[in-house]
Structures are given as C-alpha cells and as structure tokens.
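Participant: Got a structure for you, questions after.
Protein chains: 2
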Amino acid sequence: MTTIQDVARAAGVSAMTVSNVINGHPNVRPATKERVMAAMTRLDYRVNVAARNLRKGRTGTIGLAVPEIDRPYYGRLAAAIIAAAARHGLRVAVEQTGAVRENELEALSLSRNRLYDGLILSTVGLGPADVDRLKVDHPLVILGERIFGGPVDHVAMPNVDGARAATRHLIDRGCRRIALVCGPRTGETDVSGLRRTGYAQALEEAGLPVDPDLVRTVDRLTMAAGARAARALASDDPGVDGVFCVTDTVAMGVLRGLADAGARVPDDVKVIGFDDVEESAYLVPSLSTIDPDHDLMAARAVDLLAARIDCPEQPLEREEFVSPYRVVARESTATGPTGSRAERRP
Amino acid sequence: MTTIQDVARAAGVSAMTVSNVINGHPNVRPATKERVMAAMTRLDYRVNVAARNLRKGRTGTIGLAVPEIDRPYYGRLAAAIIAAAARHGLRVAVEQTGAVRENELEALSLSRNRLYDGLILSTVGLGPADVDRLKVDHPLVILGERIFGGPVDHVAMPNVDGARAATRHLIDRGCRRIALVCGPRTGETDVSGLRRTGYAQALEEAGLPVDPDLVRTVDRLTMAAGARAARALASDDPGVDGVFCVTDTVAMGVLRGLADAGARVPDDVKVIGFDDVEESAYLVPSLSTIDPDHDLMAARAVDLLAARIDCPEQPLEREEFVSPYRVVARESTATGPTGSRAERRP
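Chains as they are written, first to last, in UniProt numbering: chain U, 1 to 346; chain V, 1 to 346.
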C-alpha cells in the first residue's frame, strides 16, 4: 500500500506538505499542490478520510443551512461562506431548509449527530420559543436575524437600523407617501418585523404618519410576490411616491410590477431594497439598497465557528456581532430632471 | 447509553421509522419526524454518523463542484440538485472551483479519497486532454458542457442547438446585424465555443455573413463584462440590431450597457440570452432566452450518480443525456409599435 512518505518522495516534498495538501491547507503553493496531486494519482494513493476523521473526531466539513440557495441573497452569502471556510481548510455542505422550522431543527440535529464539525444556521422559521433547542453542545453560529439573545454565537444583520436608513433615504429624496413591501409579521424578531420597525421609526422621526394602507404584506419574499404587490399598489392608487422593499429580490419584482402598471421609476415612484445583491447594480434603473457587508458577515461567522471547533471544551463568551451597513444610492431613488440616468452605479 | 429502541418507544414508532428519520429518508411524515426528533433530543440520543459511515463505506454526502455558487445559473442548478439529492436521502457538499482547472482536479481527488460517495462536476477548466483524469473508480457525473465522449456519465446542455435556436429567433424577429457576446474560445468544446458554433450555423442557414467585428469576447461571463462589451459595441457603432449573449448573466450586463449607451431594447436592438434564470422574467424589459430545463438536468445527474453509488461494481453502460430546450420569447425581442410592452412574460 502506498504511504504518505511514498507520495512525498515522488513529488520531491516533505510528508508535511503532502499532509497539508490532503487537508486543504490554504498555504500550499499551486504548483506544489499540482505536483503532489499528480504523484497521488500516479501512485494510486488513497487517504481514508472516513477513518481519519473518526480518529480525529472531525469531518472537516461544516454545515450551512439556508432557506434557498437560488435566491440571490443566499447565493451570495453561501459563496462568501464557502470562500471563508476554505481559508480555514473547511468544506461546506449546504442544506436547504425552505424556511421551514422543522427543517431548521433537522439541520441542527444532523450537526449534533456529528455529520458536520459545526453548523452555520440562517434561520427564518425558528423563533424565541425555540431558544432551548439551541442549547447544543456542538459548534453553532446563528446567522441573519436578531432573534436570540440566548446561548449561542450570533452574526446579525443591521435590520432595524438599515431599514430606518433606507426609509430615511426615500424621505431625504422627497418621498412623503412611502409604501413598505414585506413578509408576514410573525413576531417582533423576524426579518420583516424588524425592518418594519425601522421603517416606522424613520417615518415617525420625520413626522410622517404610518398608513396601514401602505404596508403591503406578501406571503413569500419572491420576485413574483413583489411584482403582484406593486401592481396592486398601483391599481389601488393610494398616491405612493416611494417604496421600501424588505429585500432586493422583492424589489426586483416591485420594479417589474411598477413597469407593468406604467409607473416610471424614479420619476413617479422611488424604490429602495435591502441586501445589495450583485444584480441590483445592473438593473435598469439600477436599484438603491442597503449593503450589509456580506463578506464581513460571512468571515465573522466562519471565524466564530472555527474557534468553537478548535476549542470545544473552553467555555468562551458567547458573541453577538452586528454587521455595519451603508446606503447605496443608485438610479431608482435619483432626483432631478435627468431622472433615471441621473446617477450611475459605483 | 440511549439506543434506537429507546427512542422508538418514547416516540411511539418502530425502530425502522427512527432509522428512516436518522437516514433522511423522504417518506417519513412530517409529524412523525418531528416526534422522533423531539424524542431524540429528550433522551439525548446520538448517532455516531462517522462510525456508521465507516461501517457502510458511505458518507451519505455527494459533492457538487461548480465554478461559483453566486451566479444565478449555478445557484439555480445547485438548488435543483440539492432538492433531487434529498429525494435520494443524500446530502450535498458544494465546492467552488472558480472555473480553475486545478481546483476541478482537486474536487475529483477529494471525492476519490472517499470524502463523498460521488461527485457531480460542472467543469469549465478541464479539456479533452484531461480525459484520462476522469477514468476514476468512484461515482462521477460530468454536468454542463459536451466535452467528453469518454469514460464517464455526462449530462449536457443543448449548447449548439440552443444557440442556433436563439440566433434564429433574432433573425425571425427581423435582425440582420447580430452580435455575439461570449467568453474566450478555449477550444471547440467549451461553452462559448459550442454556442458560437450554433450562432454561426444559424447565420449561415439564413444566408447572413459571420462578421468578426460583431463577435465580442469577454474574459469572464459576468454582468460587469457584459455591460462593458455592450457599451463598446454601441460606441463602435457597427449597426447592430440584435445581440445573442451566451448566458443570461452576461445578457443582464448587456441590457445595462445598452441603456448606458442610450440604445432602446427591443426597439433599437433586440437581446436574447441562454439559461432562463429566474431574474430574466422580471427584468425591464424581460429577457428572451433559452430554457435548458434545469430541473430535468439536475434530476438526471443525481439519478445517474445514485445508480453508480448503489451499484459500484456493476459495469453499467456510460450514459450521455442532452437536455431538451425551448425558446422563451419575452419583451427583449418583441416586435411592433408597442415595443417593450408588446409581450408579457408567461
């Protein structure tokens, strides 16, 4: 049987270097890695990963549970997390929960059963009542909403503050009848509930009323639902001059629905989203939005998880990290006579 | 120590049902699954997955290696594959290769080393010269381009035929000076090379010349590159009245670039993409495209891989499956005086 030493000799490197290649350490030079892999192929060398992991009590894989990987927001987040995990020599298994509470619990359970070394859970379905379920003895980081003051590391979006800044941006650009398109209110702690709070705060700070007619709830945060909501808003005609959409995905649908209804953006109605997905810069008109710094959130989540994996025994202080944000002003909230061509994307 | 029988008793189900829940079989009713999981939590039952997999010689996980998970096309494909794999009780670990040949080889090597039960590889970097590297003794399915007539199962896109149909659609809508925006030609077998062949075939069939000035090559198939290519096309002004973009992602950038240059779509220039990502139906104007039936491709790839995993010894016939396609006509190729409002998305 071929040993790690045989591979090292054939590739002209140390056994440690071969081991680093096998373990996916990021510091091996590409040319060296290629040489080692060629030698492994030539000599038919096999690592029995399952046996090795059993020995180490590790799988080298972390779980990432997100509602749906084909939403632009989760795709971008997953890409950033996979890249950040690779820097730690960790692979990422992606689970789709469909935002269903039971599936989120199952993801927790899979990790608990040692399929993964740890889990990053982007939860939508779990609520404060589930906080006991999170008292797990394996590495876990909750990503996304600001639900759990509880027993677990948490990387949160700036939901309330970001939503307030988005709404304030519309007010600053002259909007006075600002609609909100959001998901159903499931509590004070879900993404739509939190962003709705920020929306209401900004209106109140500006002395504007919160008109229930202008708050449009959609079942799911999809483009299709956004388009329907916008067509309904336009046909009910409550004199809307601005729309804050709780996600860029919903905003893409809203832009489409407004176009269907013959409303011009930004001349008749200004629109802002939340997330800054890549598409937003390329839409016509390009979409103003809140950038919550995905890469920083992803890096922070993976760093926290890796620290838990490396020191499972040590009772570290639980961390809560709230990402910073910035307002990205693009054509969809532009003012002035040049309208939709007034501002170019950065 | 808690046994599987203890859990079964506590949940009021059979040990087989508990086993089905643990193994992620799709046929367990949600209420039952919830009850079993609650019992597992209450009794602190642990499956040692690593030990079980070692016993079975399985990990229960397949690898999916794609260039970048945050491109809409790969996001949609990954979502479909994760859903199809779940129906087989398999989890999916996503690797990002960045379309780099070395990383694609590494994904092959990881699977070979039994980290995964099998691998679905969406290859961009590997070429016909690498065909020997694919003579692997573990389950492998190549997804995407039609490169390898060789030793491996292959689920292919209808690249040439789809591109010919897209170009023919522009010709049918009255276009005569049709540009192509594609990636660098790395051979006759890469996605851009194949779709370029289909483009040229359609032009020749219609008696139109292939003008090298109208073939615009971009380094990477991104929105940014598409936008730059379209601005350059408009400023060189070769009288273009149609653009076939090799992917919808590139087409989103092209639509943006044409808007920047003041060209109206579809009145001045008609645009068609390839992939039918979700966004395409919601753009303004909505994007005509080729739908290669992602869900069917994903299901076929997973079915083939699962068959290989279940019968590793049996020398099955190698399969090549080419997905069917359809032309999706939307506003970006509409004709007539009503222009961009003439056709509504389906």
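Positions of the beta carbon are idealized from the N, C-alpha and C atoms, including for glycine.
Tell whether a beta-carbon distance below 8 Å holds between Gly63 (chain V) and Leu134 (chain V).
Facilitator: Cβ atoms of Gly63 (chain V) and Leu134 (chain V): not closer than 8 Å.
Participant: Here's a check: name, in chain order, each residue in its chain whose Cβ is nearer than 8 Å to the Cβ of His169 (chain U), leaving out the five neighbours to either side.
Facilitator: So the list reads Ile272, Ser288, Val327, Ala329, Thr333, once near-sequence residues are dropped.
Participant: Distance, Cα to Cα, Tyr282 (chain U) vs Ala15 (chain V)?
Facilitator: Rounded to whole angstroms, Tyr282 (chain U) to Ala15 (chain V) spans 54 Å at the Cα level.
Participant: Could you check where the beta strand (DSSP E) with Gly207 (chain V) kicks off and where it finishes?
Facilitator: No beta strand (DSSP E) holds Gly207 (chain V); DSSP gives it neither H nor E.
Participant: Does DSSP put Glu319 (chain U) in a helix, a strand or coil?
Facilitator: Coil, per DSSP.
Participant: If you run the structure through DSSP and keep just helix, strand and coil, what is Glu279 (chain U)?
Facilitator: It is helical.
Participant: Over the uninterrupted alpha helix (DSSP H) stretch that includes Cys41 (chain V), give me the two end residues.
Facilitator: With the sequence shown as reference, residue 41 (chain V) is identified as Thr, and Cys is not the correct amino acid for it. 30-43 is the span of the alpha helix (DSSP H), which, as asked, contains Thr41 (chain V).
Participant: Let's test the definition: count the other Cβ atoms within 10 Å of the Cβ of Cys175 (chain U) and tell me whether it reaches 16, buried, or not, exposed.
Facilitator: So Cys175 (chain U) counts as buried.
Participant: I want to verify the contact list: residues of chain U whose CB lies under 9 Å from the CB of Glu102 (chain V), in sequence order.
Facilitator: Correct list: Pro30, Lys33, Glu34, Met37.
Participant: Which whole-angstrom value describes the C-beta separation of Asp44 (chain U) and Thr2 (chain U), a residue pair presumed to lie in contact below a C-beta threshold of 8 Å?
Facilitator: The Cβ separation is near 6 Å, so the contact holds.
Participant: Give me the Cα-Cα distance between Val141 (chain V) and Gly12 (chain V), rounded to the nearest whole angstrom.
Facilitator: Approximately 41 Å, taken between the alpha carbons.
Participant: Establish whether the CB of Gly144 (chain U) and some CB of chain V are separated by less than 8 Å.
Facilitator: Answer no: the Cβ-Cβ gap between Gly144 (chain U) and chain V never drops below 8 Å.
Participant: Taking DSSP's pairing of strands, which residues face Cys182 (chain V) in a bridge?
Facilitator: DSSP output for Cys182 (chain V) lists V:Thr217 as bridge partner(s).
Participant: Distance check for Ala232 (chain V) and Leu203 (chain V), CA to CA, integer angstroms please.
Facilitator: Near 22 Å, if we compare the C-alpha coordinates of Ala232 (chain V) and Leu203 (chain V).
Participant: In its own chain, which residues sit with a C-beta less than 7 Å from the C-beta of Asp291 (chain U), not counting the 5 before and 5 after it?
Facilitator: For Asp291 (chain U), where only same-chain residues beyond five positions count, the Cβ hits under 7 Å are Asp276, Tyr325, Arg326, Val328.
Participant: Going by the beta-carbon positions, is the gap between Glu279 (chain U) and Met252 (chain U) smaller than 8 Å?
Facilitator: Yes, they are a contact pair.
Participant: Tell me the rounded alpha-carbon separation between Glu205 (chain U) and Pro212 (chain U).
Facilitator: Between Glu205 (chain U) and Pro212 (chain U), the C-alpha separation is close to 17 Å.
Participant: Anything in the segment 216-240 of chain U with a Cβ closer than 7 Å to a Cβ of chain V? List those residues in chain order, please.
Facilitator: Answer in chain order: Met223, Ala227.
Participant: Tell me the residue span of the alpha helix (DSSP H) that contains Ile69 (chain V).
Facilitator: No alpha helix (DSSP H) holds Ile69 (chain V); DSSP gives it neither H nor E.
Participant: Step through the CB atoms of chain U and report whether any lies within less than 8 Å of the CB of Asp153 (chain V).
Facilitator: By this cut-off, Asp153 (chain V) is not an interface position.
Participant: Tell me the DSSP bridge mates of Gln96 (chain U)?
Facilitator: The partner list for Gln96 (chain U) (beta bridge, DSSP) reads U:Val66.
Participant: Under the three-state reduction of DSSP, which class applies to Asp237 (chain U): helix, strand or coil?
Facilitator: Coil, per DSSP.
Participant: Can you pull the chain U neighbours of Ile82 (chain V), defined as C-beta to C-beta under 8 Å?
Facilitator: Near Ile82 (chain V) (Cβ distances below 8 Å), the residues of chain U are Ile69, Val94, Glu95, Gln96.
Participant: Using a Cβ-Cβ cutoff of 7 Å, what residues of the segment 257-278 of chain V are near chain U? List them in chain order.
Facilitator: Those residues of the segment 257-278 of chain V that come within reach of chain U (Cβ to Cβ, closer than 7 Å) are Ala259, Glu278.
Participant: Below 8 Å on C-beta distance, what does Arg76 (chain U) contact in chain V?
Facilitator: In chain order: Asp70.
Participant: Please list, in chain order, all residues of the same chain as Ala301 (chain U) whose beta carbon is under 7 Å from its beta carbon, the five residues on each side excluded.
Facilitator: Ile81, Ile120, Val141, Leu143, Val155, listed in sequence order.
Participant: Run through DSSP, which three-state label would Gly127 (chain U) get?
Facilitator: Of the three classes helix, strand and coil, the one that applies to Gly127 (chain U) here is coil, per DSSP.
Participant: Anyone know if the C-beta pair for Leu108 (chain U) and Gly60 (chain U) falls short of 8 Å?
Facilitator: Cβ atoms of Leu108 (chain U) and Gly60 (chain U): not closer than 8 Å.
Participant: Which one of V:Lys270, V:Glu319, V:Ala230, V:Ala259 has the shortest CA to CA distance from Arg173 (chain V)?
Facilitator: Among V:Lys270, V:Glu319, V:Ala230, V:Ala259, the Cα nearest to that of Arg173 (chain V) belongs to V:Lys270.
Participant: Hey, Arg164 (chain V) and Cys182 (chain V): beta-carbon distance below 8 Å or not?
Facilitator: No. Outside cutoff.
Participant: Is the beta carbon of Ser122 (chain U) sitting closer than 8 Å to the one on Ala65 (chain U)?
Facilitator: Cβ distance < 8 Å, so Ser122 (chain U) and Ala65 (chain U) count as in contact.
Participant: Just to check my reading of the structure: Leu304 (chain U) and Glu319 (chain U) have Cβ atoms closer than 8 Å, yes? What is that Cβ distance to the nearest angstrom?
Facilitator: That belief holds up - the Cβ atoms of Leu304 (chain U) and Glu319 (chain U) are roughly 6 Å apart, short of 8 Å.
Participant: Could you give the DSSP three-state label for Ser288 (chain V): helix, strand or coil?
Facilitator: Correct three-state label for Ser288 (chain V): strand.
Participant: Near Thr32 (chain U), which residues of its chain fall below 7 Å by C-beta distance, leaving aside the five closest residues on each side in sequence?
Facilitator: Correct list, in chain order: Val13, Thr17.
Participant: Step through the CB atoms of chain U and report whether any lies within less than 8 Å of the CB of Arg87 (chain V).
Facilitator: It does not; no Cβ of chain U falls within 8 Å.
Participant: Provide the residue(s) that pair with Cys245 (chain V) in DSSP beta bridges, ordered along the chain.
Facilitator: The partner list for Cys245 (chain V) (beta bridge, DSSP) reads V:Val181.
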